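Worksheet for the structure shown next.
Residue numbers (this note's numbering): 33 to 228.
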């Protein structure tokens with residue numbers, strides 16, 4: 033039971049070695065192991081399963097879930113920003129549905145299933161909760177890009193409204209005094225009470 037709960041899948045995908053098979057010692061040490069895609073495939077076939085869902089193992093910067101091992105294993109981790117990793121958190125929404133809802137009507141017609149007797153499946157949809165750490169970094173980056181791009185577009189000493197004549201009435205002035213008048217304080221509830 034310990035190995036089932038604590039062993040980790042070996043990463044697959046574009047960067048992974050396709051020649052990695054079987055069970056290997058875990059880099060985390062102890063009696064845990066790592067298992068390759070062929071172990072997942074064999075386990076699912078022997079036990080009549082289409083998908084294994086495991087909820088352990090955070091990855092730095094991850095999106096909270098991973099679909100692995102020929103879509104037969106899904107890893108989900110719900111704690112966002114776990115130990116400062118900047119990872120998203122995720123939960124899985126599992127609902128009952130028909131094969132036609134996931135594959136489309138064309139595939140059911142080819143297989144001979146009428147719409148009424150399509151195979152019932154469990155549909156798994158991840159719901160991602162974005163990393164606060166990632167959001168702050170992105171917001172700061174956008175704020176810095178916005179400040180520098182606005183300043184670089186304006187000629188020195190002129191505002192955007194001075195250089196475009198078609199935008200009258202919606203201008204932003206660089207001086208604190210309105211055109212043709214004296215400076216007024218911004219209207220706030222406190223200012224309104226004082227001027228009454």
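All C-beta atoms in this analysis are idealised placements derived from N, C-alpha and C, irrespective of residue type, glycine included.
All values reported here derive from a predicted model rather than from experimental measurement.
- Exclusion of the five residues before and after residue 160 leaves 95, 96, 97, 120, 121 and 122 as the residues of its chain whose Cβ lies within less than 8 Å of its Cβ.
- In this structure, residue 85 keeps its C-beta atom at 7 Å or more from the C-beta atom of residue 100.
- Bridge pairing for residue 157: 125 [DSSP].
- Residue 72 counts as buried, since at least 16 other C-beta atoms from the protein chains shown sit within 10 angstroms of its C-beta.
- Taking C-beta separations shorter than 7 Å and ignoring five residues to either side along the sequence, the partners of residue 128 in its chain run 152 and 154, following chain order.
- Bridge partners of residue 109 according to DSSP: none are assigned.
- With contacts defined by Cβ atoms closer than 7 Å, residue 90 and residue 108 do not form a contacting pair.
- Taken through DSSP and simplified to helix, strand or coil, residue 91 comes out as coil.
- Counting only the Cα atoms, residue 118 lies some 16 Å from residue 173.
- In this structure, residue 68 sits near residue 42, with a CB-CB distance shorter than 7 Å.
- No Cβ-Cβ contact shorter than 7 Å links residue 58 with residue 52.
- With a contact defined as Cβ atoms closer than 8 Å, residue 150 and residue 130 qualify at about 4 Å.
- Residue 49 is classed as exposed because its beta carbon has fewer than 16 other beta carbons within 10 Å across all chains shown.
- For residue 86, the enclosing beta strand (DSSP E) has its first and last residue at 84-86.
- In the three-state scheme derived from DSSP, where H, G and I count as helix and E and B as strand, residue 152 is classed as strand.
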